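Using our numbering, you'd call the opening residue of the sequence shown number 217 and step up by one each time.
Have a look at the structure below, then the notes.
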Amino acid sequence: MTDLPAGLLQQTFLAGGEFHYELNSTSTRALEVGAGDIPLPYLIWAEQQAAGRGRGHNIWWAGPGALTFTILLSPQSLGIAPAQWPGLSLCVGTAICQFLQRMQIPDVRLKWPNDVYLSSRKVCGVLIESVACRPDRLAIGIGINVNNSLLNAPPEIQQRATSLVDVLSTTHSLVPFLTGLLQELDSVLTLFGRAPKEFPPLWRDLCWLTGRQVRMTDVRGSVTGTVLGIADDGALRVRLPEGESRFVSGTVEPLSA
Ligand code: BTN
Numbered sequence: 217m218t219d220l221p222a223g224l225l226q227q228t229f230l231a232g233g234e235f236h237y238e239l240n241s242t243s244t245r246a247l248e249v250g251a252g253d254i255p256l257p258y259l260i261w262a263e264q265q266a267a268g269r270g271r272g273h274n275i276w277w278a279g280p281g282a283l284t285f286t287i288l289l290s291p292q293s294l295g296i297a298p299a300q301w302p303g304l305s306l307c308v309g310t311a312i313c314q315f316l317q318r319m320q321i322p323d324v325r326l327k328w329p330n331d332v333y334l335s336s337r338k339v340c341g342v343l344i345e346s347v348a349c350r351p352d353r354l355a356i357g358i359g360i361n362v363n364n365s366l367l368n369a370p371p372e373i374q375q376r377a378t379s380l381v382d383v384l385s386t387t388h389s390l391v392p393f394l395t396g397l398l399q400e401l402d403s404v405l406t407l408f409g410r411a412p413k414e415f416p417p418l419w420r421d422l423c424w425l426t427g428r429q430v431r432m433t434d435v436r437g438s439v440t441g442t443v444l445g446i447a448d449d450g451a452l453r454v455r456l457p458e459g460e461s462r463f464v465s466g467t468v469e470p471l472s473a
């Protein structure tokens, strides 16, 4: 473990953090250190993860050159009330989309509830977890395929995922990239606390799923339908044969490209 590059602390909302050349999972480490007394927001950044985790029982695999990190923070200190926490994964996705759009990267969209898509393939996943014994804290894990090409990945991964280097044919220096992304996260999360009504129009514009045929799976089972968009409260609106239904959680699998 080493210190973070100094600029990251000076130029962002971070109060502390650590850098690892290799770690099992930045989110697992965040859940451990997050139970103790640490300065927040606190960043855990790893160059490589041996056991990256996704939602549910999924693993998050990323080769060298990916950006993988977790931020521990107290949403309340950014003005975000507990009732707003369900909207946080969409907010984090919004910040990532806006950051990539600011870099003039085209065709960046939000895939409900917690992915970012580039040219209709997943480029980033977000995993938000609560910290045991510290109900005021969240661990926000983010994995972005930046300089790691997926062109040699198995075909089923290539069909679903991509990276910035594969689409843009250019690499990015990770320290300035992460600095800019943290600055965007700070301003988007602060705005979410102050003016949550500004977000539903952003979600509607960014929603990659709107108009697509999907299979939705949640605790009630699986259904297929057409996505109508994201509701003001962050739920996914889906037209089913029997009428419109709302989903507040679950997995969504597009049935067409
Ligand atoms: C998903 O798509 O299901 C979420 C993927 C989240 C991956 C990131 S990589 C950094 C952080 N550490 C982990 O183990 N997972 C998250």
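Glycine included, each C-beta is placed from N, C-alpha and C at the ideal position.
Please read these numbers as outputs of a predicted model, since none were measured by experiment.
What span of residues does the beta strand (DSSP E) with F463 cover, start to end?
459-463
Residue range of the alpha helix (DSSP H) that includes T242
242-249
Contacting residues, own chain, Cβ-Cβ under 8 Å from N364 (five flanking each side not counted)
A278, G279, P280, G281, A282, S379, V381
Ignoring anything shorter than 3 residues, give me the beta strand (DSSP E) runs that lie fully in the region 281-350, in order along the chain.
283-289, 324-327, 331-334, 337-347
For the candidate residues T433, D449, L456, whose alpha-carbon lies nearest to that of T442?
L456
Closest to G250 by CA distance: which of T218, D448, V439, E234 is it?
E234
Return the residue from the list I275, P370, A348 that minimises the CA-CA distance to G341.
I275
Classify P322 as buried or exposed, calling it buried when 16 or more other Cβ atoms lie within 10 Å of its own Cβ.
exposed
Going by DSSP in three states, D382 sits in which element: helix, strand or coil?
helix
Can you check which of these residues, L405, H273, S389, is closest to I296 by C-alpha distance?
L405
8 Å contact criterion, which L294 and G450 should meet: CB distance rounded
No, L294 and G450 are not in contact; Cβ-Cβ is about 17 Å, not under 8 Å.
Backbone secondary structure at L425 - three-state DSSP:
coil
Confirm the yes/no value for this check: CB of I446, any heavy atom of the ligand BTN, distance under 7 Å.
no
Short check: CB of L259 to CB of L230, under 8 Å?
yes
Suppose contacts are defined by Cβ-Cβ distances below 8 Å. Is L354 in contact with P302 by that definition?
no
Indicate, with yes or no, if the ligand BTN has a heavy atom lying under 7 Å from the CB of W419.
no
For the candidate residues Q300, M432, G445, D219, whose alpha-carbon lies nearest to that of D352?
Q300
Under the three-state DSSP convention, the category I254 falls into
coil
For a test of the three-state rule: what should DSSP assign to L444, helix, strand or coil?
strand
Proximity below 8 Å, CB of T284 to CB of A262
yes
In three-state terms, what does DSSP make of L418?
helix
Could you check where the alpha helix (DSSP H) with V435 kicks off and where it finishes?
It is not in any alpha helix (DSSP H) - V435 carries neither H nor E in the DSSP assignment.
Assuming T433 contacts T467 (C-beta within less than 8 Å), just tell me the rounded distance between them.
5 Å
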